[in-house]
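A short write-up of the structure that comes next.
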Amino acid sequence: MTRTTAPLHLVVVSAGLGVPSSTRLLADRLTESVRRELAGGIRPVEVRVVELRDLAVPIANNLVTGFPAPALDEAIEAVARADALIAVTPVFTASYSGLFKSFFDLIEPDALDGRPVLIAATGGTARHSLVLDHALRPLFAYLRAAVVPTAVYAASEDWGGTGDSLTATLPDRIARAGRELARMLASTGDVPAQGSSEETAIAGLFA
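Counting from 383, one number per residue, gives the positions in the sequence shown under our numbering.
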């Protein structure tokens with residue numbers, strides 16, 4: 383079977399509002415985890431970061447006018463054409479941010495059909511971690527994306543935390559999620575993930 387050697391396009395959507403932002407920091411660490419897993423593959427990885435903070439006004443204007451500004455149109459097109467997506471949002475009022483939701487409201491319903499997606503969120507306390515399963519997963523399920531099993535939530539205390547007997551440390555969770563996204567890509571036969579064969583890629587997701 384002939385494999386393509388075209389670049390693999392990984393798009394990272396960060397909805398952090400501050401500069402710097404823990405949301406962007408988590409997005410960057412997840413990106414590096416995926417890069418490491420795909421290192422040495424036959425397809426180079428090209429990363430595009432979409433900072434929603436910079437598109438806040440164009441997003442609002444598009445919602446009321448129906449016409450995207452060029453920068454926003456380019457970001458929407460990048461997401462639609464991505465081979466895989468990392469989506470990270472801060473948590474506000476027990477859900478994803480309004481900016482995050484408004485951006486994905488502009489994505490065509492079938493644009494992410496079957497697309498591998500890694501979801502993540504940040505917040506001030508671990509009690510908001512359920513947002514991953516009661517808000518983010520349903521959103522991407524509606525868009526028919528293929529969300530990896532491990533979602534990553536980072537509370538303030540997770541940065542530098544050592545975890546406990548039941549909860550993996552943040553770096554461990556980041557590494558596992560990155561590995562799952564890389565293996566999901568490998569299961570399509572498009573790109574081999576580091577340390578895994580094509581035959582065992584799918585089984586490795588649930589190991």
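We treat Cβ as the ideally placed atom computed from N, Cα and C, and that holds for glycine.
Residue burial classification, PHE420 (beta-carbon count within 10 angstroms, cutoff 16): Along the sequence shown, one-based indexing puts residue 420 at 38. Note on identity: in this sequence residue 420 is Leu, with Phe being the wrong assignment. That one is buried.
Apart from the five residues just before and just after ARG418, which ones in its own chain have a Cβ nearer than 6 angstroms to its Cβ? Counted from its first residue, the sequence shown places residue 418 at position 36. Excluding residues within five positions, none has a Cβ falling inside 6 angstroms.
For THR458, count the other beta carbons within 10 Å of its own beta carbon; 16 or more makes it buried, fewer makes it exposed. Which is it? Translated into positions along the sequence shown, residue 458 becomes position 76. In the sequence as presented, Thr is not what sits at residue 458; that position holds Ile. ILE458 is buried by the Cβ-count criterion.
Beta-carbon spacing of PRO324, LEU437 below 7 angstroms: Nothing can be reported for residue 324, as the shown portion of the chain is limited to 383 through 589.
N-terminal and C-terminal residue of the alpha helix (DSSP H) that PHE449 is part of: For the purposes of this step, residue 449 is identified with residue 67 of the sequence shown, where counting begins at 1. Looking at the DSSP string, PHE449 is not in any alpha helix (DSSP H), and its letter there is neither H nor E.
With 16 other CB atoms within 10 Å as the buried threshold, where does TYR535 fall? Locating residue 535 in the sequence shown gives position 153, where the first residue counts as 1. Looking at its Cβ environment, which holds 16 or more other Cβ atoms inside 10 Å, TYR535 is buried.
Quick one: which unbroken alpha helix (DSSP H) runs of 4-plus residues sit fully inside the region 385-430? Chain order, please. Restricting attention to alpha helix (DSSP H) runs no shorter than 4 residues, the region 385-430 encloses them at 404-420, ordered along the chain.
So the candidates are ALA469, ALA564 and THR413; which of them puts its Cα closest to the Cα of GLY398? Within the sequence shown, residue 398 is the residue found at index 16, counting from 1. Measuring from the Cα of GLY398, the nearest candidate turns out to be ALA469.
Return yes when the Cβ of ARG509 is within less than 7 angstroms of the Cβ of THR532, no when it is not. For the purposes of this step, residue 532 is taken as residue 150 along the sequence shown, with counting starting at 1. For the purposes of this step, residue 509 is taken as residue 127 along the sequence shown, with counting starting at 1. For THR532 and ARG509, no; Cβs fall outside 7 angstroms.
ILE556 bridges to which residues according to DSSP? Along the sequence shown, read from residue 1 onward, the residue named residue 556 stands at position 174. DSSP, once it has assigned bridges, lists no residue as partnering ILE556.
Just the C-alpha distance for ILE441 and VAL395, rounded to the nearest angstrom, thanks. Mapped onto the sequence shown, residue 441 falls at position 59. Mapped onto the sequence shown, residue 395 falls at position 13. Each residue's alpha carbon lies about 14 angstroms from the other.
Please name the residue, chosen from PRO491, PRO472 and SER569, that lies closest to ALA503 on a Cα-to-Cα basis. Position 121 of the sequence shown holds residue 503. Among PRO491, PRO472 and SER569, the Cα nearest to that of ALA503 is on PRO472.
Close beta carbons around ARG411, own chain, < 7 angstroms, minus the five adjacent residues each side: Residue 411 sits at position 29 when you count from the first residue of the sequence shown. Counting only Cβ-Cβ distances below 7 angstroms, and skipping sequence neighbours, we find ILE556.
Indicate the three-state DSSP secondary structure (helix, strand or coil) for ALA503 in the structure shown. In the sequence shown, counting from the first residue as 1, residue 503 sits at position 121. In the three-state DSSP reduction, ALA503 falls in the strand class (E or B).
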